[in-house]
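Here's the structure we're looking at; comments come further down.
Number of protein chains: 6
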Amino acid sequence: MVRRALFIGRFQPPHKGHLEVFKGILKEADELIVGIGSAQESHTLENPFTAGERMLMLGRALAEEGIETSRVHIVPIPDVNNNALWVSHVLSYSPPFSVVYTGNPLVRRLFREAGYEVRTFPLYNRKDYMGTKIRERMVRGKKWEHLVPPAVVKVVEEIDGVGRMRDLSQSDRLLGPRKTGT
Amino acid sequence: MVRRALFIGRFQPPHKGHLEVFKGILKEADELIVGIGSAQESHTLENPFTAGERMLMLGRALAEEGIETSRVHIVPIPDVNNNALWVSHVLSYSPPFSVVYTGNPLVRRLFREAGYEVRTFPLYNRKDYMGTKIRERMVRGKKWEHLVPPAVVKVVEEIDGVGRMRDLSQSDRLLGPRKTGT
Amino acid sequence: MVRRALFIGRFQPPHKGHLEVFKGILKEADELIVGIGSAQESHTLENPFTAGERMLMLGRALAEEGIETSRVHIVPIPDVNNNALWVSHVLSYSPPFSVVYTGNPLVRRLFREAGYEVRTFPLYNRKDYMGTKIRERMVRGKKWEHLVPPAVVKVVEEIDGVGRMRDLSQSDRLLGPRKTGT
Amino acid sequence: MVRRALFIGRFQPPHKGHLEVFKGILKEADELIVGIGSAQESHTLENPFTAGERMLMLGRALAEEGIETSRVHIVPIPDVNNNALWVSHVLSYSPPFSVVYTGNPLVRRLFREAGYEVRTFPLYNRKDYMGTKIRERMVRGKKWEHLVPPAVVKVVEEIDGVGRMRDLSQSDRLLGPRKTGT
Amino acid sequence: MVRRALFIGRFQPPHKGHLEVFKGILKEADELIVGIGSAQESHTLENPFTAGERMLMLGRALAEEGIETSRVHIVPIPDVNNNALWVSHVLSYSPPFSVVYTGNPLVRRLFREAGYEVRTFPLYNRKDYMGTKIRERMVRGKKWEHLVPPAVVKVVEEIDGVGRMRDLSQSDRLLGPRKTGT
Amino acid sequence: MVRRALFIGRFQPPHKGHLEVFKGILKEADELIVGIGSAQESHTLENPFTAGERMLMLGRALAEEGIETSRVHIVPIPDVNNNALWVSHVLSYSPPFSVVYTGNPLVRRLFREAGYEVRTFPLYNRKDYMGTKIRERMVRGKKWEHLVPPAVVKVVEEIDGVGRMRDLSQSDRLLGPRKTGT
Chain A
25 MVRRALFIGR
35 FQPPHKGHLE
45 VFKGILKEAD
55 ELIVGIGSAQ
65 ESHTLENPFT
75 AGERMLMLGR
85 ALAEEGIETS
95 RVHIVPIPDV
105 NNNALWVSHV
115 LSYSPPFSVV
125 YTGNPLVRRL
135 FREAGYEVRT
145 FPLYNRKDYM
155 GTKIRERMVR
165 GKKWEHLVPP
175 AVVKVVEEID
185 GVGRMRDLSQ
195 SDRLLGPRKT
205 GT
Chain B
25 MVRRALFIGR
35 FQPPHKGHLE
45 VFKGILKEAD
55 ELIVGIGSAQ
65 ESHTLENPFT
75 AGERMLMLGR
85 ALAEEGIETS
95 RVHIVPIPDV
105 NNNALWVSHV
115 LSYSPPFSVV
125 YTGNPLVRRL
135 FREAGYEVRT
145 FPLYNRKDYM
155 GTKIRERMVR
165 GKKWEHLVPP
175 AVVKVVEEID
185 GVGRMRDLSQ
195 SDRLLGPRKT
205 GT
Chain C
25 MVRRALFIGR
35 FQPPHKGHLE
45 VFKGILKEAD
55 ELIVGIGSAQ
65 ESHTLENPFT
75 AGERMLMLGR
85 ALAEEGIETS
95 RVHIVPIPDV
105 NNNALWVSHV
115 LSYSPPFSVV
125 YTGNPLVRRL
135 FREAGYEVRT
145 FPLYNRKDYM
155 GTKIRERMVR
165 GKKWEHLVPP
175 AVVKVVEEID
185 GVGRMRDLSQ
195 SDRLLGPRKT
205 GT
Chain D
25 MVRRALFIGR
35 FQPPHKGHLE
45 VFKGILKEAD
55 ELIVGIGSAQ
65 ESHTLENPFT
75 AGERMLMLGR
85 ALAEEGIETS
95 RVHIVPIPDV
105 NNNALWVSHV
115 LSYSPPFSVV
125 YTGNPLVRRL
135 FREAGYEVRT
145 FPLYNRKDYM
155 GTKIRERMVR
165 GKKWEHLVPP
175 AVVKVVEEID
185 GVGRMRDLSQ
195 SDRLLGPRKT
205 GT
Chain E
25 MVRRALFIGR
35 FQPPHKGHLE
45 VFKGILKEAD
55 ELIVGIGSAQ
65 ESHTLENPFT
75 AGERMLMLGR
85 ALAEEGIETS
95 RVHIVPIPDV
105 NNNALWVSHV
115 LSYSPPFSVV
125 YTGNPLVRRL
135 FREAGYEVRT
145 FPLYNRKDYM
155 GTKIRERMVR
165 GKKWEHLVPP
175 AVVKVVEEID
185 GVGRMRDLSQ
195 SDRLLGPRKT
205 GT
Chain F
25 MVRRALFIGR
35 FQPPHKGHLE
45 VFKGILKEAD
55 ELIVGIGSAQ
65 ESHTLENPFT
75 AGERMLMLGR
85 ALAEEGIETS
95 RVHIVPIPDV
105 NNNALWVSHV
115 LSYSPPFSVV
125 YTGNPLVRRL
135 FREAGYEVRT
145 FPLYNRKDYM
155 GTKIRERMVR
165 GKKWEHLVPP
175 AVVKVVEEID
185 GVGRMRDLSQ
195 SDRLLGPRKT
205 GT
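Residue numbers (the working numbering), protein chains in the order written: chain A, 25 to 206; chain B, 25 to 206; chain C, 25 to 206; chain D, 25 to 206; chain E, 25 to 206; chain F, 25 to 206.
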């Protein structure tokens, strides 16, 4: 039987650490499901890119790296805002899987309470590759391109991702378009 | 006519202070409606327990204390996220009542604008019994059992509530399962 | 260990058939959880009564019948509008249970897919006691009081339930307050 | 004190009957609040026009008719899908009012349960002016322009409203864009 | 530049007609985006399969047919229940595209109002391949396997899809798990 | 053709700076659409007033200032909580417009990505007129009346707005009625 593994991230943006994790998981499982969390979010400093943009970045980065796309499923997963429903929600959006890889204690807890096998991947270099760091570098005009796969650099350029982030950074941290007034 | 009083809390978890309030209200009213607020929340540091778990804790604690269960209605109330609708929302979930007990100024304001009698209960010892303090003690491995009724201790043990809270506390404060990636 | 059974209905309104089911279940289980489905609905022909009104009807009918209220949990459950999430949703609102009683094939299917024991109660007299029939009788001015417990008759009278239903029946079947125009 | 009256419709589209009602109400009240119900709906056969389009139609028709715009408030009101919350919802979107005009029994019931004065306007000629009839005429290529104010005809033309409705009518009645597949 | 085409369906289940359409589009475009509409729906007669199950069926059927998976993006798209927002919603979930293929007049209208090129694919044999027909055949025990790709037959068997549909068909058409009562 | 300009704020409350902006825009455009953002919010320190109250304040202040009400459309706009949908959402609630005035970088970004002309109004004296400052002054019992139009002072008095804000300020900043317990 096909052994599928789930890994969920927000991929804002996908970075080299993610690719290492993907390759590691594909050594242990037949197929990998990459869940794009907070799929409905975009155009915020925390979540600058749409689900479609993130899907494009991931797809191209996987191809560039020579990972067989037929072994990977990319699945956008919108938030459900209710922890008690979250595992069922993920199950309904994803092809069936038998193991979950995560470093997040809450994700681990929820899947374990639901009876799933949860593995923690040997830690990739969190310090260098954190999405938060990359987004900060984009906003501050620092070098960020070396931290992500070349394919991601290209998509970010095509959609003027850095320009978008700088515009977002000028807004008050708490202001959204729905909180525009003075 | 039956005089019913409403008291709303989140009961994360129910503590001895709550029981004192319940007994006080039942001296002044025929029946007590215990509203479990934020019913849809669970598995966060602020709201670790599900509505069903809280209902079980309350029911057993009331029985243990010898309070007549026929005089108490326990009603889970999900959030409505809109203050202008909140009073109507509570009214639709609850048996009819004629008086509200609360120490919360916003709750007092909203029910008063809606024409309800609102009473503030003589303050029980807030400092010792605050839910926040109890949850912190659970996470930090301090003694918390003396602050809640024995029945609550038992339910927390049955559902490994302290283990759940410690797992949650390892997650970044702002991360939910839907904000899992890096 | 306590053996709890779940039974979910909309109870628009509770009728004598429901009471028979409750008594039957309480012979087989220690405690009964009565889930009030579609809790957020009210003031429609299909769902005329609020969750709070239904909770009051159920509570009084149980007391009147001499059923120990300490063995029964009444839990309003709002709709989640997503079948894949429904079982998790019910689990989070309800005290833990180990068996589900239902005559509804979808409810049976969903709980069975989730690994629960599901039992079908020996059919009470559906023809006479269907909620739909009772609501139709209320609207058409026919006798309905003999089909429900006396306590329910009393609550319906207190809230002018029949008057409400007749008003609702004058609206176009598809019109809600939000579909008011011409 | 200013006496304001509320009238809620969907105005799909506004027609001559509505204008008669507005003029009638303005003889009895100082100001009129015109609530545009189901504001979030558009591009369906039942609700072809957006709230913004309907607001434009109403504003121009009122001006054309010589009604003082300073005496009229046009307020889009999205659905709340919960009858128990509907009155509070309308109250929060609308300037304060003391009387409600409606022919809809459910609207009448809900506002009366909330303690409001509700009046039924002497029936304008429903048969000729029903919104449903006008929409059917648009779809079937029949004459409809005589049933609505000239300003409405002009807006419908500007936005190709009839073309939109004919396109919608070719879709299966139950299909929305979200139900597109076969 | 890469020319991407969007096709949206519900794929309940994917059938041979869909594959013909996919192959036709891939002759005219570089890449195909297959949007799975009503992604959040499952376990109803109209939408029996989860988004994850449908994604699995599509992925395997494409592979079986020898279509290069690197040229196809499969994107689950939950409903947004608001036609005015639907195009923006699809855009945010999908990689960028420049042309939309659809036979649905509403989808065509909405994308055209948004300025997109919309093409109607030469009609595949709708009569034989309609999803509705296939679901009816499943429920009634008729032969349906010849209408879908072999890979879809296999997934339906793995998840006991026919058993699920028959259970669903025993429920009253209008009953969901949230409308369970009697 | 009529040239309409959009300006969106939360107007908690409308102040003299807003009126200056309105007059400036009306020199450059034929008609002004005043969007009331976060329309569904009220009874919080950040958003104390309902959409209806804000609409009343704006309407009276415009009349008092001698601005032709026939040239101004006041449109409450509820939040959509999704930046990718926000522009479409505003478009559906508002009469058509061809230019947007804003000082908010995110609003500017979103409308520019959607192809709209966006102008930044020469900055009115932000320091004195910020809504936040006015709300703080209300809470702290400082003079605030000179910062808003006289008509706004009058409405705030009629609805006991300052009393409401002081009550709200006694609640924990993060507590809403739905977070009431201890």
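Glycine is no exception: its CB is placed at the ideal position from the N, C-alpha and C atoms.
Taking 8 Å as the threshold, the shortest C-beta distance from Pro173 of chain E to chain D does not fall below it. F:Phe31 is the residue among F:Phe31, F:Asp184, F:Val186 and F:His170 whose C-alpha sits nearest the C-alpha of Ile101 of chain F. For a Cβ distance threshold of 8 Å, residue set Pro102 of chain A lies close to Pro102 of chain E, ordered along the chain.
Counting only Cβ-Cβ distances below 7 Å, Leu80 of chain E has contacts in chain A at Pro119, in chain order. The Cβ atoms of Val99 of chain F and Gly59 of chain F lie closer than 8 Å to each other. 8 Å or more divides the Cβ of His113 of chain E from the Cβ of Glu55 of chain E.
By the Cβ test, the stretch 34-49 of chain C is not in contact with the stretch 72-80 of chain B, since fewer than three Cβ pairs between them sit closer than 8 Å.
Residues of chain A whose Cβ lies closer than 7 Å to the Cβ of Ser66 of chain B are, in chain order, Asn107 and Ala108. Taking each of A:His42, A:Leu43, A:Val45 and A:Ile49 in turn and checking the Cα distance to Arg28 of chain A, the smallest one comes out for A:Ile49.
In the DSSP assignment, Tyr117 of chain A falls within the unbroken alpha helix (DSSP H) covering Asn107 to Tyr117. Contact between Asp184 of chain B and Arg133 of chain A is absent: CB atoms are separated by about 10 Å, not below the 8 Å threshold. Cβ neighbours of Met162 of chain F within its own chain (closer than 6 Å, five residues either side excluded): Trp168, Val186 and Met189. The shortest CA-to-CA distance from His42 of chain D to any of D:Val179, D:Glu89 and D:Arg164 is the one to D:Glu89. Excluding residues up to 5 positions away in sequence, Gln36, Pro37, Ser66 and Gly185 lie with their Cβ nearer than 7 Å to the Cβ of Phe73 of chain B in the same chain.
Note that the C-beta distance between Ile91 of chain B and Phe46 of chain B is below 8 Å. A direct Cα-Cα distance of roughly 49 Å separates Val176 of chain A from Gly165 of chain E. Between Thr68 of chain C and Asn128 of chain D, the C-beta spacing is not below 8 Å. Nearest Cα to Gly155 of chain C within the set C:Ser62, C:Ser193, C:Val26 and C:Asn71: C:Asn71.
The criterion of a C-beta distance shorter than 8 Å is satisfied by Ala138 of chain E and Val111 of chain E. Exclusion of the five residues before and after Val26 of chain A leaves Asp54 and Glu55 as the residues of its chain whose Cβ lies within less than 7 Å of its Cβ. A Cβ-Cβ separation of about 6 Å places Thr93 of chain A in contact with Leu86 of chain A under the 8 Å criterion. Each of F:Val179, F:Ser193, F:His170 and F:Lys40 was checked against the Cα of Pro119 of chain D, and the nearest Cα belongs to F:Val179.
Taking the beta carbon of His113 of chain F as reference, the chain E residues within 7 Å of it are Leu109, listed in sequence order. At a cut-off of 8 Å between beta-carbon atoms, Arg188 of chain A makes contact with chain F. In the three-state scheme derived from DSSP, where H, G and I count as helix and E and B as strand, Arg143 of chain A is classed as strand. Per DSSP, Val58 of chain B is one residue of the beta strand (DSSP E) stretching across Glu55 to Ile60. Distance from the Cα of Gly61 of chain F is smallest, within the candidate group F:Lys40, F:Val142 and F:Thr126, for F:Thr126. DSSP, read as helix, strand or coil, puts Ala138 of chain A in coil. Neighbours of Arg133 of chain F in chain A, taken as residues whose beta carbon is under 8 Å from its own, are His67, Arg188, Asp191 and Leu192 in chain order. Taking C-alpha positions only, Arg136 of chain B is separated from Ser116 of chain D by approximately 16 Å. Look at Val176 of chain C here: in three-state DSSP terms it is helix. Residues of chain D whose Cβ lies closer than 7 Å to the Cβ of Ser122 of chain F do not exist, since the nearest Cβ in that chain is about 14 Å away. DSSP links Ala87 of chain F through a beta bridge to no other residue.
Under the three-state reduction of DSSP, Gly127 of chain C is assigned to coil, being neither helix nor strand. The C-alpha of Ser122 of chain D lies about 21 Å from the C-alpha of Gln64 of chain F.
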